[in-house]
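Numbering (this note's numbering), first residue to last: -10 to 366.
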C-alpha cells in the first residue's frame, strides 16, 4: 500500500513540476474555407432537435448518430443517402435515462454514452450494454476511487459533445454541485481538483491536481459565465482545456503527468472580458450592460481527421453578438477562422476536410438545416 501511495504522489508531483513555459502563437492563415448551407430531409421517425449527436466517417460515408430523446433510441443517419440506416435501442425499463439528454461518442464498434440520470456507459453496435459506471448517485456500477460525496459530481462534457482519451478512457470534469454561476465566488470552488480520467473498463477514476487559476477570483471579482471549463479528449491519452477568460490553451498528458501551456492569440479576436462582483452579476440589467462589449472563448473541440482543435468564442459589440470559429493545427497554430451569428448553429460534426454544424434548436418538421464548412489546403 505504501508503495502504491508513493507512486501516486510521484505521479501527481510530476504533473505540477513538468509544466512547460508558456508558448505563444498567433494566427497563421494556411487553409482556405468555403461555407454554404445545406438542408437534409427528415422522415416522420426523426426528431428535428438534435440535443445529442455525433458523427463518423465509415466506408467512405458520412454518418450522423442522433439521440432521439422521445423514443430513447440512437439513429444512424446517412448524409450521403439522406436516409436512416439503422435504429439502436440501448435502453429499457430498468435502464432508463428518463427525459434527460444523452451525449454520444461513436467508437469503432459501438458507442460511449453519458447521461445525467444513468452515468457513463459503453454499448456495442447493437445497443447491448458493455459497461456502466454511475455518476455521483451510488447504484450498481460504482466508480472506483470516488467517495460519492454529493457535494461534487462527475461530468463528461458541458455541451454533450463527448470525446475519448483512448479506446477505453474518457476525460472527466469534477464539478461543485448544486450551485449556480455565482459558485465561482465560493471558496469550495477553488479547493478541489477539477479534472480526472475514467477507465470505462475497470471503473478506475484518476484525479489530477489541476484547479482554476488563482486570478480567476481576485478581491471577490470573478468570471461566473466561465463556471465550467471547456475540455476535450484528443486521443493518445491527451486532453486540451481552457477557462475562456484568456487565450491560453492547456494540454494534459494523462499518462506522462505533464501539462503544456500555449498562449494562442488571435489579433482578429482580442479577448476582452473583465471580472465582475457577485452583486453586479446577480442584477440582470447591470450584468447585460457589463457583458455588452465582451469577447471571450466558450468551446473547444477535437477534429480527429486534421488532428487539430476547433476553438469557439463569443464576440459582443454594440449589442450585436456573433460566434467566431478558429481552426488550430496539431502545433497549436491558428490556420483558419470564420464568423457566424451566435444563435444559429452549434454542435460541430467532423468529417475529412469538412465540418458541419446543425441548426440550433431544430429547424423544420421535415428537414434540418446545416452549415457546411469545407477545408481546402
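Think of the CB as a built atom: it goes at the ideal place given N, C-alpha and C, for glycine as much as any other residue.
Rounded to whole angstroms, what's the CA-CA distance from residue 3 to residue 84? Just pull it up for me.
With a pLDDT of only 40 at residue 3, under 50, the local geometry of the prediction cannot be trusted, and no value is derived from it.
Sub-7 Å separation of residue 314 and residue 152 beta-carbons:
With respect to residue 152, residue 314 sits apart: the two C-beta atoms are not nearer than 7 Å.
Using beta-carbon positions only, say whether residue 426 and residue 250 come within less than 7 Å of one another.
The chain is shown from -10 up to 366; residue 426 falls before or after that span and cannot be answered.
Within its chain, find whatever has a CB closer than 8 Å to the CB of residue 294; leave out the 5 residues flanking it on each side and keep chain order.
Once the five neighbours on either side are set aside, the close Cβ partners of residue 294 are 46, 339, 340, 341, 342.
Between the stretch 163 to 177 and the stretch 251 to 263, are three or more C-beta pairs nearer than 8 Å?
With fewer than three CB-CB distances shorter than 8 Å, the stretch 163 to 177 does not count as touching the stretch 251 to 263.
Burial state of residue 95 (16 or more Cβ within 10 Å)
Its Cβ being crowded by 16 or more others within 10 Å, residue 95 is buried.
Helix or strand or just coil, what does DSSP make of residue 383?
With the chain covering -10 to 366 only, the question about residue 383 has no answer from this structure.
Residue 122 versus residue 332 - alpha carbon distance
If you take the alpha carbons of residue 122 and residue 332, they lie about 34 Å apart.
Residue 268 classed as buried or exposed, judged by whether at least 16 other C-beta atoms fall within 10 angstroms:
By the 10 Å Cβ count, residue 268 comes out exposed.
Quick check: the Cα distance between residue 186 and residue 237, rounded to an integer number of angstroms?
So the two alpha carbons sit approximately 22 Å from each other.
Hey, quick one: how far does the beta strand (DSSP E) through residue 19 stretch, first residue to last?
Taken as a continuous stretch (DSSP letters only), residue 19 belongs to no beta strand (DSSP E), as it is neither H nor E.
Does the Cβ of residue 265 have 16 or more other Cβ atoms within 10 Å, making it buried, or fewer, making it exposed?
When all chains shown are included, residue 265 counts as buried.
Identify the continuous beta strand (DSSP E) that holds residue 110 and give its terminal residues.
Counting along the chain, residue 110 sits inside the beta strand (DSSP E) bounded by residues 108 to 112.
Would you call the CB atoms of residue 52 and residue 67 closer than 7 Å?
Taking a C-beta distance under 7 Å as the contact criterion, residue 52 and residue 67 qualify as a contact pair.
Take the Cβ of residue 211 as the centre, count every other Cβ of all protein chains shown within 10 Å, and call the residue buried at 16 or more, exposed below.
Classification for residue 211: buried.
Please list the terminal residues of the continuous beta strand (DSSP E) segment that includes residue 295.
That residue, residue 295, is in no beta strand (DSSP E); it is neither H nor E in DSSP.
Tell me whether the stretch 22 to 38 and the stretch 56 to 63 touch, counting them as touching only if at least three CB pairs, one residue from each stretch, are closer than 8 Å.
The stretch 22 to 38 vs the stretch 56 to 63: in contact.
Using the beta-carbon count (16 or more within 10 Å), is residue 230 buried or exposed?
With 16 or more other Cβ atoms within 10 Å, it is buried.
Where residue 325 and residue 22 are concerned, what is the direct C-alpha to C-alpha distance, given to the nearest angstrom?
Between residue 325 and residue 22, the C-alpha separation is close to 8 Å.
Separation of residue 284 from residue 88, as counted between CA atoms
Pairing residue 88 with residue 284, the inter-Cα distance amounts to about 34 Å.
How far does the beta strand (DSSP E) with residue 325 in it extend, from its first residue to its last?
Per DSSP, residue 325 belongs to the beta strand (DSSP E) from 323 to 330.
Give the range of the beta strand (DSSP E) segment to which residue 219 is assigned.
Segment 219 to 222, the beta strand (DSSP E) holding residue 219.
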